[in-house]
Each structure stands twice: as structure tokens, then as C-alpha cells.
Amino acid sequence: FYTLSIGVGSLMVFGSYMPNRGAVGAIVFSVALIDILVSALLGLVTIPILFSSQMLPVSGYDLLFVALPTAYGDMQNGQYLGVLFFTFVMFTAMSSALVLLEPSIAWCKERFVMGRWNAAILVGFIAWLVSLASMHSWHFISDISALGLTLFDLLNIMTAKVLLPAAGLMLAIYVGWVLNPALVKNEIVNSGIGWLYLWYFLIRFIVPSLFLLVLILNQLETYNL
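Numbering (this note's numbering), first residue to last: 44 to 268.
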């Protein structure tokens, strides 16, 4: 969800910037393929590093900020590799964060009739405040919790495990079953009629089913059911 910005509106915003004759199907396929290849490559790099330090594979926060620093620390000259790796992680996170901010920036531009720079500064400042509170939930405000969860944990669960798959599910249902088919046809027919039929089948049946499955599995994992 995060690397492809699914469920946050970024794809719709950037899609609106495309030229009218753009090949939507080919572009979407290329982006998804590159994302899969990069993710697979990162997995091939990180998993052997963990095994070399006799550590079990983990995911999320534990992988990035606990397991990998420990593994790099056990390697010869690992501190240099660690700096290089986390530099790439920083640029990757920044690029993804900029994409995620684009829908809010575009909304502020239209809603408050403000320039792009002002909208970007406003949205960036709000995001910085939220991230600052989330970061300090591990330190200065660690005593503040709800249901035994820190602010970081709550935001992580609400966004990654609830809001993103739920938003993707509702968007797929709306576009596939409610939105005027003529509007969709005008946007996708440039990629070929075959893409249109395939897209409609996926967006109506396959995509909602997968989003619902992800949403259910996330809740089962969260509540240890």
C-alpha cells in the first residue's frame, strides 16, 4: 500500500496530470512491475544479512530499526554498509512521503485558492507535527497510551491495517459499480479495448475481494485471532 500509494488518492491526483492520450494501462503495469522487482531485490538483500547474524526474519519497525542495525553491527565494516543502506532508505521514504502529500496539497490549492508552495509548506508542517508526536511516543510521551498502544502503534494500526485497505475497498466498489462507465471508458480506451475489459473485471471482482481479504487478515493479526 505504501510504496504504490494505494488508498490515499495519490494515484488519482497524478493520473489527472497525465496527457489525454496517455497509455494508462501500460504505465500502471510498468509502475507495479518496477515496484515488485525493487521489493524482491530488497528482500534478497536483507534476508541473507539477517541469516548471516543468525537472526530470524521480522518485518516492519523491528526489521528496520532493530534487526538490521544489529546485523550490520555484527558484520566486518558493517557500519559503512549500514550508513549506505539507511541513506537509501531515507531517500526512498522521502520520495514516498512526497507522493503521499500530493493529494492534500492539491486539495488545499483548490479549496483555499493558494499557491503550490504555500500549500506544500502548510501540509508539510502539519505532517511534521504529527510525525513529531509519533516519534516522541517512544520517549517523552511514552507514558501516554490507549488500549496499551502508543501513538505510533495506534497510527500504524489505523493507517496500514484499517484505513488504507478500507479506502481501497470503497474506492474499488465506487469506481467499478457506481461511477458512470462512459467516464472510465474515455480514460482507458486509449490503452486498447482489451485493457478496458480486463480492468473492469479486476476492479469489480478481483480487487475488492483482495482488499477485503487484506482487511480481514489485518484484523485477525491485530487481535491475535
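C-beta: ideal position from N, C-alpha, C; glycine also.
**OP:** Compute the Euclidean distance between the alpha carbons of F168 and D117, then round it to the nearest angstrom.
**Re:** The residue labelled residue 168 in the question sits at position 125 within the sequence shown. The residue labelled residue 117 in the question sits at position 74 within the sequence shown. The straight-line gap from Cα to Cα measures roughly 38 angstroms.
Subject >> Extent of the continuous alpha helix (DSSP H) run through Y243 >> reply: Along the sequence shown, read from residue 1 onward, the residue named residue 243 stands at position 200. Here the alpha helix (DSSP H) through Y243 covers 236 to 244.
Subject >> the stretch 213 to 233 in contact with the stretch 192 to 204 per 3-pair CB rule at 8 angstroms >> reply: no
Original post:
When the Cα atoms are used, what is the spatial distance from K296 to Y243?
Top reply: This structure cannot settle anything about residue 296, because the visible part of the chain is limited to 44 through 268.
**OP:** Since I believe G68 is in contact with W238 (beta carbons under 8 angstroms), could you give me their beta-carbon distance rounded to a whole number of angstroms?
**Re:** Within the sequence shown, the letter at position 195 stands for residue 238. Within the sequence shown, the letter at position 25 stands for residue 68. The pair is a contact, with the Cβ atoms about 4 angstroms apart (cut-off 8 angstroms).
**OP:** Name the two residues that bound the continuous alpha helix (DSSP H) containing H179.
**Re:** On the sequence shown, position 136 is the one that residue 179 refers to. That run of the alpha helix (DSSP H) goes 159 to 179.
Original post:
Between A203, L87, L192, which lies nearest to L316 when the distance is taken from Cα to Cα?
Top reply: One cannot answer for residue 316 here, as it falls past the ends of the chain, which runs 44 to 268.
Subject >> K152 versus L175: straight-line alpha-carbon distance, rounded >> reply: By one-based count along the sequence shown, residue 152 stands at place 109. By one-based count along the sequence shown, residue 175 stands at place 132. Distance between the alpha carbons of K152 and L175 is about 25 angstroms.
**OP:** Taking only heavy atoms of the ligand FAD into account, decide whether any of them is closer than 8 angstroms to the Cβ of W181.
**Re:** Absence of the ligand FAD from the depicted structure is noted, as is the absence of any ligand whatsoever, leaving it without description.
**OP:** Kindly indicate which three-state DSSP category L222 falls into: helix, strand or coil?
**Re:** Taking the first residue of the sequence shown as 1, we reach residue 222 at position 179. The answer is coil: DSSP assigns L222 none of H, G, I, E or B.
Original post:
So, do the stretch 84 to 94 and the stretch 106 to 117 have three or more beta carbon pairs nearer to each other than 8 angstroms?
Top reply: yes
Original post:
Is there a Cβ from chain C that is less than 9 angstroms from the Cβ of F195?
Top reply: Among the protein chains of the structure shown there is no chain C, as only one such chain exists.
Subject >> G211 classed as buried or exposed, judged by whether at least 16 other C-beta atoms fall within 10 angstroms >> reply: Here residue 211 refers to the residue found at position 168 when the sequence shown is read from its first residue. Flag for G211 reads buried.
**OP:** Could you check the C-alpha separation between V173 and L106 for me, to the nearest Å?
**Re:** In the sequence shown, counting from the first residue as 1, residue 173 sits at position 130. In the sequence shown, counting from the first residue as 1, residue 106 sits at position 63. Cα to Cα, the separation comes out at about 23 angstroms.
Original post:
With which residues is L192 paired in a DSSP beta bridge?
Top reply: Position 149 of the sequence shown, counting from 1, holds the residue named residue 192. In DSSP, L192 forms a bridge with A189.
Original post:
Quick one: what does DSSP say A66 is sitting in, helix, strand or coil?
Top reply: By 1-based counting over the sequence shown, the position of residue 66 is 23. Note: A66 maps to coil in three-state DSSP.
**OP:** Check each candidate in V74, G58, H179 and name the one with the smallest Cα separation from L47.
**Re:** For the purposes of this step, residue 47 is taken as the residue at position 4 of the sequence shown. Closest option to L47, Cα to Cα, is V74.
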